[in-house]
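If you read the sequences in order, they're chains R and B.
Mapping the first sequence onto our numbering, position 5 (from 1) lands on 15, and the numbers just tick up by one.
Mapping the second sequence onto our numbering, position 61 (from 1) lands on 79, and the numbers just tick up by one.
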Amino acid sequence: DQQVKQNSPSLSVQEGRISILNCDYTNSMFDYFLWYKKYPAEGPTFLISISSIKDKNEDGRFTVFLNKSAKHLSLHIVPSQPGDSAVYFCAATARAGGTSYGKLTFGQGTILTVHP
Amino acid sequence: GAGVSQSPSNKVTEKGKDVELRCDPISGHTALYWYRQRLGQGLEFLIYFQGNSAPDKSGLPSDRFSAERTGESVSTLTIQRTQQEDSAVYLCASSPRAIGGYTFGSGTRLTVV
Chain R
11 DQQVKQNSPS
21 LSVQEGRISI
31 LNCDYTNSMF
41 DYFLWYKKYP
51 AEGPTFLISI
61 SSIKDKNEDG
71 RFTVFLNKSA
81 KHLSLHIVPS
91 QPGDSAVYFC
101 AATARAGGTS
111 YGKLTFGQGT
121 ILTVHP
Chain B
19 GAGVSQSPSN
29 KVTEKGKDVE
39 LRCDPISGHT
49 ALYWYRQRLG
59 QGLEFLIYFQ
69 GNSAPDKSGL
79 PSDRFSAERT
89 GESVSTLTIQ
99 RTQQEDSAVY
109 LCASSPRAIG
119 GYTFGSGTRL
129 TVV
């Protein structure tokens, strides 16, 4: 069963515009969410995270929004730059109770292409 | 080292052979994770180490897969009698503590022919 889903395999955006990447989850125990960015032939790099006690976290051009009732989160990139072109993975973990050991459940990824 | 190092970066092996994949985590990172990414899919958790112990091996797909860690440092993932469905990128990550947001290596691309 796919507990974390990214339903859009790809997204194409013009430079300077907003990129919105979406992610849905089904496991109510998840309480910490992360976004990773991956370039070809490299490992994923951590981008931004959000705890379930918040509904928004911002870091420069990147903002993550969490809607717990809908079990949905999104990553906004404003303004988008060609260097942002990469695969973006959403991930989730259940930290409460201290049993997750940091084990992450990942979505399938969304390929973002930002055109100059 | 400065980052998580994995070797080899690429491995082509014949079906039925055994392979060993190596991970050198960031020095001092006690938590170490193995994931794999098959083509077009997300990352699948394989195993977690805290120090040299593996409290969570739940992601290992079969008994052909095993992993060990020594000296709270290097980890080796071994796949015995490889099958074509084992073809994937195997990623290792380490963290100073088990809370996520960890650092990944560049991975080993395994191709079983």
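The beta carbon of each residue, even a glycine, is placed where N, CA and C say it ideally should be.
Every value quoted in this text rests on a predicted model; they were computed, and no experiment measured them.
CB contact below 9 Å: residue i versus chain B
{"i": "Glu52 of chain R", "result": "yes"}
{"i": "Val74 of chain R", "result": "no"}
{"i": "Ala80 of chain R", "result": "no"}
{"i": "Tyr98 of chain R", "result": "no"}
{"i": "Thr55 of chain R", "result": "yes"}
{"i": "Ser119 of chain R", "result": "According to the sequence as given, residue 119 of chain R is Gly; it is not Ser. Yes, Gly119 of chain R counts as interfacial toward chain B."}
{"i": "Lys64 of chain R", "result": "no"}
{"i": "Gly93 of chain R", "result": "no"}
{"i": "Thr115 of chain R", "result": "yes"}
{"i": "Gly112 of chain R", "result": "yes"}
{"i": "Val14 of chain R", "result": "yes"}
Residues that DSSP places opposite residue i in a beta bridge
{"i": "Ser27 of chain B", "result": "Answer is none; Ser27 of chain B lacks a bridge partner."}
{"i": "Gln55 of chain B", "result": "B:Leu61 and B:Val107"}
{"i": "His125 of chain R", "result": "R:Gln24"}
{"i": "Glu38 of chain B", "result": "B:Thr96"}
{"i": "Thr121 of chain B", "result": "B:Ser112"}
{"i": "Phe116 of chain R", "result": "R:Ala101"}
{"i": "Leu31 of chain R", "result": "R:Leu85"}
{"i": "Gln68 of chain B", "result": "B:Ala49 and B:Ser71"}
{"i": "Arg82 of chain B", "result": "Answer is none; Arg82 of chain B lacks a bridge partner."}
{"i": "Ala154 of chain R", "result": "This structure leaves residue 154 of chain R out entirely; chain R is present only between 11 and 126."}
{"i": "Thr88 of chain B", "result": "The partner list for Thr88 of chain B (beta bridge, DSSP) is empty, contrary to what the question assumes."}
{"i": "Thr126 of chain B", "result": "B:Tyr108"}
{"i": "Val131 of chain B", "result": "Answer is none; Val131 of chain B lacks a bridge partner."}
{"i": "Lys33 of chain B", "result": "Note: Lys33 of chain B sits in no beta bridge, so no partner."}
Proximity test, Cβ basis, 9 Å: residue i and chain R
{"i": "Val92 of chain B", "result": "no"}
{"i": "Tyr45 of chain B", "result": "Correcting the residue identity first, residue 45 of chain B is Ser in this sequence and not Tyr. With 9 Å as the cut-off, Ser45 of chain B does not count as an interface residue toward chain R."}
{"i": "Ser25 of chain B", "result": "no"}
{"i": "Gln98 of chain B", "result": "no"}
{"i": "Leu57 of chain B", "result": "no"}
{"i": "Arg115 of chain B", "result": "yes"}
{"i": "Thr31 of chain B", "result": "no"}
{"i": "Ala20 of chain B", "result": "no"}
{"i": "Ala49 of chain B", "result": "yes"}
{"i": "Ala106 of chain B", "result": "no"}
{"i": "Gly125 of chain B", "result": "yes"}
{"i": "Leu109 of chain B", "result": "yes"}
{"i": "Thr129 of chain B", "result": "no"}
Cβ-Cβ separation, residue j to residue i (assumed contact under 8 Å), whole Å
{"i": "Leu109 of chain B", "j": "Gly53 of chain R", "result": "6 Å"}
{"i": "Leu114 of chain R", "j": "Phe122 of chain B", "result": "Not really, about 11 Å apart at Cβ, beyond 8 Å."}
{"i": "Asn70 of chain B", "j": "Glu90 of chain B", "result": "6 Å"}
{"i": "Lys29 of chain B", "j": "Leu95 of chain B", "result": "With a Cβ gap of about 11 Å, Lys29 of chain B and Leu95 of chain B do not count as contacting."}
Residue i CB to nearest heavy atom of the ligand COA below 8 Å
{"i": "Tyr120 of chain B", "result": "No copy of the ligand COA appears in this structure; indeed no ligand is present at all."}
Scan the segment 61-91 of chain B for residues whose Cβ lies nearer than 9 Å to a Cβ of chain R and list them as they occur along the chain. Only those residues of the segment 61-91 of chain B whose C-beta falls short of 9 Å from the nearest C-beta of chain R are listed: Leu61, Glu62, Phe63, Tyr66, Gln68, Pro73, Asp74, Ser76 and Gly77.
Let me know the alpha helix (DSSP H) ranges lying completely inside the segment 46-85 of chain R, each 4 residues or longer, listed in chain order. Listed in chain order, there is nothing to give.
At a Cβ cut of 9 Å, what residues of the segment 30-45 of chain R count as close to chain B, listed as they run along the chain? Listed by position along the chain: Tyr42 and Leu44.
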